[in-house]
Amino acid sequence: MLKPGDAAPDFTLPDQSGAEFTLSEYRGRWVLLYFYPKDNTPGCTTEACQLRDNFAALQ
């Protein structure tokens, strides 16, 4: 389990468009990874909307 401040291990995963995303290609830049357990549930939808609405504050 990673703790705040730990370096994330490198990985490659598909993005929402199917293109590969490799974490190490973004070294030295801020990266936001957003995980949620299930689509179309009230709690996850609320959190996703909050992220969308507050994203500018994170930049």
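Using the working numbering, read the sequence shown as starting at 40 and increasing by one per residue.
C-beta: ideal position from N, C-alpha, C; glycine also.
Own chain partners of residue i with C-beta closer than 7 Å, once the 5 adjacent residues on each side are dropped
{"i": "A47", "result": "L41, L62"}
Own chain, CB closer than 8 Å to residue i, minus 5 neighbours either side, in chain order
{"i": "L52", "result": "E59, F60"}
For residue i, the residue or residues it bridges with in DSSP
{"i": "T61", "result": "T51"}
Same chain, Cβ closer than 6 Å to residue i, neighbours up to 5 away in sequence not counted
{"i": "D49", "result": "L62, S63"}
{"i": "Q55", "result": "none"}
Bounding residues of the alpha helix (DSSP H) (the contiguous stretch that carries residue i)
{"i": "D92", "result": "81-97"}
Supposed contact pair residue j and residue i - C-beta distance, whole angstroms, cut 8 Å
{"i": "L71", "j": "L97", "result": "7 Å"}
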